[in-house]
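Read through the structure below, which is laid out as structure tokens, and then see the notes.
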DNA sequence: TCATAGGCTTACGTTAACGTCAAACTGCTT
DNA sequence: AAGCAGTTTGACGTTAACGTAAGCCTATGA
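Chains as they are written, first to last, in the numbering used here: chain X, 7 to 148; chain V, 7 to 148.
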């Protein structure tokens, strides 16, 4: 991807910031994942980079989606879940035939997320309590 | 497990509430999981039911652990993660050789959970915004 | 007494999400 | 010209978390 890197450097010189095009290795490095993973996400339809010849070229939009993908993963969602989730973002700009259906889907997902939020807060509270106990014992008995 | 069920019924008659012993199917039904899953958790050391002959008998403690396991799963943690996590709870009552080490582990996990909390809140905010957009469009254009 | 309903173990099957080669094709750099 | 770095498409390997039988034991109700 040296051609691309040259292009990038050029763009950077002119616009000083915000590269518009990315090679697969750029994204892999930036987000600390493998190129294999990125290609895999593409086969699953989560990313749709363009091609220059054979080579994948990613735009800002793909990068943005990748960020959402990784966040979804940190939240423990499957790629299939994340796919649906991305569709919600897409539907935002496209004219979805049924907004009502979209809204329902969003509500479903929000409900899920709120359950998760509850679980999380409970867990944090409990662990914090255990931490205090351990802390106290450390201080008194040692 | 009819012997156990009989036992349970008996106990219930006397104490009127809070069964102390559970058959594998009881827990499976209560939490909507398979008996296979429960046995699997046992092989992974997450549960340690007693045995009456060959048959597993679960106490309240096991039930409590199962609740933690399922919560952990909802939060997207692996069984291995959950195992460590359970150990934190255990260490609470046992005398851990190094409280310091325990505290460090708890802090690690808390950091993780807080990242997750951030991710979650961001996601909820974004989805809520998208929801509003869809909602408005539904109202105006239809 | 026989069937039926669980329970137990053992073992192979399955899905998700990549990891890990292999083999071949660029485009530079030297 | 030769080599290296980076990319591509297969294709097989791997780990986690169970699902799904198969075969066997046992208590209980008809």
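Glycine is no exception: its CB is placed at the ideal position from the N, C-alpha and C atoms.
Not flagged as an interface residue toward chain X: residue 70 of chain V, since no C-beta distance is shorter than 8 Å. Segment contact: the stretch 47-64 of chain X against the stretch 106-121 of chain V, fewer than three CB-CB distances shorter than 8 Å; contact not assigned. When C-beta distances to chain X are compared with 9 Å, the residues of the stretch 71-95 of chain V below that value are 74, 77, 78, 79, 80, 81, 82, 83, 91, 94 and 95, in chain order. Restricted to the stretch 50-137 of chain X, the alpha helix (DSSP H) segments that are unbroken, complete and at least 4 residues in length are 66-80 and 85-99, listed in chain order. At a cut-off of 8 Å between beta-carbon atoms, residue 134 of chain V makes contact with chain X.
Judged by DSSP secondary structure, residue 30 of chain X falls within the alpha helix (DSSP H) whose first and last residues are 30-37. If you ignore the 5 residues before and after residue 75 of chain X, its C-beta comes within less than 7 Å of the C-beta of 47, 52 and 88, all in its own chain and listed in chain order.
Only exposed fits residue 73 of chain X, as fewer than 16 other CB atoms lie within 10 angstroms of its CB.
Taking the C-beta atoms as reference points, residue 116 of chain V is found no nearer than 8 Å to residue 39 of chain X. The beta carbons of residue 44 of chain X and residue 94 of chain V sit no closer together than 8 Å. Under the Cβ distance rule, residue 130 of chain V counts among the residues neighbouring chain X, one pair being separated by less than 8 Å. Annotated as distal: residue 65 of chain X and residue 36 of chain X, with beta-carbon spacing of 8 Å or more.
Listed along chain X are 133, 134, 136, 137 and 140, each with a C-beta nearer than 9 Å to that of residue 112 of chain V. Counting of Cβ neighbours within 10 angstroms places residue 62 of chain V among the buried residues, the total reaching 16 or more. Contacts with chain X at 8 Å (Cβ-Cβ) include residue 144 of chain V. Taking 8 Å as the upper bound for CB-CB distance, residue 80 of chain V and residue 122 of chain X are in contact here, some 6 Å apart. Straight-line measurement puts the Cα of residue 85 of chain X at about 29 Å from the Cα of residue 144 of chain V.
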